[in-house]
Amino acid sequence: MKENNYNSMAKILIMVLNVLIVVGVVTFLSIVISTLTSGNSGMASGKYIVNCLLFFGGTSSLVFILYCLRKILKSVIKEGPFNMSNVRSLKNIAFSCFVITVAYLINFFYNNQFKSFKLIEIDQTGIHTDTEFLIFFFAGCFVLILAQIYKQAVEVKEENDFTV
Numbered sequence: 012m013k014e015n016n017y018n019s020m021a022k023i024l025i026m027v028l029n030v031l032i033v034v035g036v037v038t039f040l041s042i043v044i045s046t047l048t049s050g051n052s053g054m055a056s057g058k059y060i061v062n063c064l065l066f067f068g069g070t071s072s073l074v075f076i077l078y079c080l081r082k083i084l085k086s087v088i089k090e091g092p093f094n095m096s097n098v099r100s101l102k103n104i105a106f107s108c109f110v111i112t113v114a115y116l117i118n119f120f121y122n123n124q125f126k127s128f129k130l131i132e133i134d135q136t137g138i139h140t141d142t143e144f145l146i147f148f149f150a151g152c153f154v155l156i157l158a159q160i161y162k163q164a165v166e167v168k169e170e171n172d173f174t175v
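As numbered in the numbering used here, residues 12 to 175 make up the sequence shown, in order.
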């Protein structure tokens, strides 16, 4: 009964991830198309091209994270949680988090955003922070640690499977 509940929950999460992947790709494409068709004269500048590359790198990394999460859930349903493909997916997620961190940092310094940097600001509109890069950095570290734990669990599982 419990396994059936886990599978149904995983299938619901897979559907949610599918929707998020589609929304991410459609949003990315609509932003690119609207920017290209806006007729802005500064689009040929080097700064614009660098910003587009940063946007592409960050957005594609986010969509790739969603894809890896979907892949992990499918693997859990088919093979169980402890297999090397999940370890690889977790390492890919960590790498993507670090790519996003680097994109944030390059954008931060390249576009002189450090001049108006605020660690945290609370005003009438809510709580604001300029430390998004730290969130992705720590998420990447956490997922990398989780991948190492999973790798060791897979090795122990395989060793136990051979002894039985």
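Quick reminder that beta carbons are idealized off the backbone N, C-alpha and C, glycines included.
For residue j and residue i, believed in contact at Cβ under 8 Å, the rounded distance
i      : j      : result
Leu77  : Leu28  : 5 Å
Tyr115 : Phe147 : 7 Å
Cys79  : Ile104 : 5 Å
Ile70  : Phe119 : Per the sequence shown, the amino acid found at residue 70 is Thr instead of Ile. The pair is not a contact, with the Cβ atoms about 17 Å apart (cut-off 8 Å).
Reduced DSSP secondary structure (H/G/I, E/B, other) of residue i
i      : result
Asp172 : helix
Thr136 : coil
Met12  : At Met12 the pLDDT is 43, less than 50, meaning the model places this residue with poor confidence and gives no usable figure here.
Contact under 8 Å by Cβ, residue i with residue j
i      : j      : result
Val154 : Phe93  : no
Asn97  : Ser86  : yes
Leu73  : Ile117 : no
Arg81  : Ile25  : yes
Local Cβ density within 10 Å of residue i, reported as buried at 16 or more and exposed below that
i      : result
Leu84  : buried
Gly151 : buried
Ile131 : exposed
Leu145 : exposed
Option in the options with minimal Cα separation from residue i
i      : options                          : result
Lys89  : Gln163, Asn18, Phe173 and Thr174 : Asn18
Phe125 : Ser49, Ile160, Thr140 and Arg81  : Thr140
Val113 : Lys129, Glu143, Arg99 and Gln135 : Glu143
Asn123 : Thr48, Lys58, Leu47 and Ala21    : Lys58
Glu169 : Ser127, Ile133, Ala158 and Met95 : Met95
Phe67  : Val36, Phe173, Ala158 and Ile23  : Val36
Ile32  : Phe109, Phe75, Asp172 and Ser49  : Phe75
Phe149 : Val30, Phe173 and Phe109         : Phe109
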